[in-house]
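This report concerns only the one structure given below.
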Amino acid sequence: MAAAGGGYADILRAPHALRLLAGTLVGRLPNGTAHIAIALFTRAEGGSYSLAGALAAVYGLATAAGQPLLGRAVDLHGQPRVQLPAALVSALGMVWLAAAGIGSLPVAFAAVVVAGFFTPPLEGGLRALWPSVLGGGDRVHRAYALDAVAQEVMFTVGPLLVTVLVWLWSPAAALLLINAAGVLGALSVVVSAPSRAWRSEPREAHWLGALRSPGLLALLGAFFFVGLAMGSITVAALAYADLHGGDTVYGALMAALGLGALVGGLGYGARSWSGEPEARLRVLVALLALGYLPLVLAPGVAAMTALSALAGLFLAPAIACAFVVVDRHALRGTVTEAFSWLVTTFGVGAAAGAAAAGPAIELAGVAWSFAVAGAGGAAALLVLVATRRVLAAPAAADRPETAKPVRVSENDRNGTVEPGFSGGRQA
């Protein structure tokens with residue numbers, strides 16, 4: 041067993057690692073908080089729960105459509121040429137929404153489509169960079185766990201940051217400031233030496249790209265339903281908060297969900313795991329599904345906050361384990377695209393969950409709207425059980441090759457990469 045703190049410290053001491061992790065988290069802040077910011081902005085403009093859910097759902101669908109396409113572009117053309125331009129266009133989409141409001145629904149929906157579609161695939165990009173920065177092996181798997189834990193810090197702090205910005209200024213100001221930070225985060229990543237040097241492994245030209253992997257398809261099917269559960273909680277919690285204290289309660293519930301995942305992720309990363317990650321993922325998703333069920337009780341605020349933390353407890357471990365499974369099943373030359381497909385599928389599921397929760401609130405009430413999350417968790421487990429043979433360890437010929445480490449000059453530990461070396465192949 042390894043200490044999580046020591047293992048994580050070892051990763052963060054590696055050249056470029058802390059900068060890449062921090063830049064990616066800040067760059068992903070708009071995407072990680074968009075569903076909350078859009079919901080609060082819509083309600084402040086006088087929109088209904090259904091409209092808030094619909095705008096969040098369209099944003100999620102647009103993100104889902106854009107991520108694999110942008111991820112494939114990164115694999116083909118490198119990170120700087122794709123990530124920063126995409127971040128700028130996405131931020132302009134949110135500026136458009138903040139300026140136009142919801143007075144014209146076609147304009148509002150168009151703005152969230154632009155913002156979502158051009159969300160840069162920083163998440164998949166970071167996971168593609170880890171082998172080049174850390175040299176592969178167990179350090180990369182531990183970095184995946186650290187990545188999941190760091191995301192939960194963002195999901196814990198992000199909702200609180202949005203609510204603070206709304207309280208200090210307005211929902212429109214929150215949209216603008218969060219997206220400005222996102223552009224700066226993306227800029228920090230793409231000007232780093234590993235990002236500039238990274239190249240994908242050569243890949244077979246095929247229109248399906250990463251989707252030619254049966255194991256990846258099975259995993260994506262499961263994580264659609266994990267996303268559905270999370271998306272439904274976002275809207276159901278908003279309705280619950282309106283009955284129990286407003287925006288502050290909503291921020292507390294979302295932060296508790298992220299805090300639970302943070303604690304779970306720290307626990308998961310505190311040891312080295314043996315055995316096949318596919319089997320471990322089934323156990324983690326089963327525990328995740330069980331954690332969603334008590335939310336239908338919808339008790340008082342204190343108890344509901346505790347139940348939200350419980351609901352998030354196994355989220356980060358499940359995501360970290362899924363990263364390892366993606367890494368095992370991604371075909372050569374498709375790593376960024378494969379990770380982006382996971383983000384996409386999760387986003388489509390979240391959009392479906394957000395869209396379903398709004399009508400569920402109006403038809404069956406707030407408490408029963410949380411049942412959508414429990415159903416999503418159960419469906420994810422069923423998919424993993426039904427596809428257990430497909431998710432068996434892939435053949436060696438299908439495994440991605442271990443990336444070559446970035447070679448950093450001793451005279452410039454802050455960024456000089458010796459020519460001819462990249463994260464996937466020689467440049």
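Here my numbering = 1-based position in the sequence shown + 40.
By construction, the Cβ of each residue, glycine as well, lies at the ideal position given by its N, Cα and C atoms.
As the structure is a computational prediction, the values presented were derived from the model and not from experiment.
Helix, strand or coil at residue i [DSSP, three-state]
i    : result
T374 : coil
E163 : helix
E192 : helix
H75  : helix
V147 : helix
H56  : coil
R179 : helix
F158 : coil
G87  : coil
Q123 : helix
W238 : coil
R112 : helix
M134 : helix
S172 : helix
E441 : Any reading at E441 must be qualified, since the residue scores a pLDDT of 40, below 50, and its modelled position is unreliable; no value is offered.
A432 : coil
S232 : coil
W207 : helix
Test item: CB-CB of residue i and residue j under 8 angstroms
i    : j    : result
V223 : Q123 : no
T203 : G291 : yes
V406 : A296 : no
T376 : P161 : yes
L302 : M344 : no
V189 : L283 : no
A420 : A329 : yes
A226 : G417 : no
M194 : G72  : yes
Q107 : T159 : yes
L174 : A360 : no
V325 : L424 : yes
A400 : L101 : no
Same chain, Cβ closer than 7 angstroms to residue i, five either side skipped, listed in chain order
i    : result
L205 : A213, A214, L217
G491 : This structure cannot speak to residue 491, because the chain is shown only from 41 to 467.
P125 : none
A436 : With a pLDDT of only 37 at A436, under 50, the local geometry of the prediction cannot be trusted, and the value read off the model is given with reservation. Closer than 7 angstroms at the Cβ level, and outside the excluded window around A436, lies no residue.
P339 : none
A138 : A212, L215, L216
Spatial distance of residue i from residue j (CA atoms)
i    : j    : result
S172 : A148 : 41 angstroms
R429 : V154 : 39 angstroms
A262 : V388 : 12 angstroms
R182 : V135 : 37 angstroms
P357 : G141 : 38 angstroms
A250 : L371 : 6 angstroms
G331 : A237 : 42 angstroms
Y99  : I273 : 16 angstroms
L268 : Y89  : 17 angstroms
L355 : V129 : 30 angstroms
L91  : A79  : 9 angstroms
F410 : F157 : 28 angstroms
Y184 : D50  : 14 angstroms
R179 : A310 : 13 angstroms
D187 : G286 : 32 angstroms
L169 : A62  : 14 angstroms
V114 : A342 : 45 angstroms
S232 : L58  : 11 angstroms
W408 : A221 : 37 angstroms
R121 : A127 : 11 angstroms
L95  : S314 : 43 angstroms
N219 : P70  : 5 angstroms
L257 : T427 : 10 angstroms
L60  : R167 : 10 angstroms
Q119 : F386 : 22 angstroms
A362 : G304 : 15 angstroms
L347 : T288 : 17 angstroms
S312 : H369 : 21 angstroms
L337 : L403 : 17 angstroms
6 angstroms Cβ shell around residue i - same chain, five flanking residues per side excluded
i    : result
L333 : G414
P199 : I76, G291, M294, A295
G133 : A151, V154, A155
V275 : G93, A394, A397, G398
P211 : L80, F81, A84
Y48  : L186
Contacting residues, own chain, Cβ-Cβ under 8 angstroms from residue i (five flanking each side not counted)
i    : result
V365 : G255, L259, P317, E318, L321, L431
L299 : E192, T196, A349, G352
Beta carbon proximity, residue i to chain C, threshold 8 angstroms
i    : result
E402 : Reference to chain C is not applicable here, since this structure consists of a single protein chain.
beta-carbon residue i near the ligand FMN non-hydrogen atom, thresh 7 angstroms
i    : result
P211 : Ligands displayed in this structure: none; no statement on the ligand FMN is therefore possible.
- Item | Within the region 243 to 325, ranges of the alpha helix (DSSP H) (whole runs, at least 4 residues) | Counting only runs of 4 or more residues that sit fully inside the region 243 to 325, the alpha helix (DSSP H) segments are 254 to 284, 287 to 308, in chain order.
- For the region 400 to 427, which segments carrying the alpha helix (DSSP H) assignment without a break, of at least 4 residues, lie completely within its bounds, in sequence order? Listed in chain order, the complete alpha helix (DSSP H) runs (minimum 4 residues) inside the region 400 to 427 are 406 to 409, 411 to 426.
- Segments of 4+ residues assigned as alpha helix (DSSP H) that fall wholly inside the region 337 to 391: Within the region 337 to 391, the complete alpha helix (DSSP H) runs of at least 4 residues are 341 to 352, 355 to 369.
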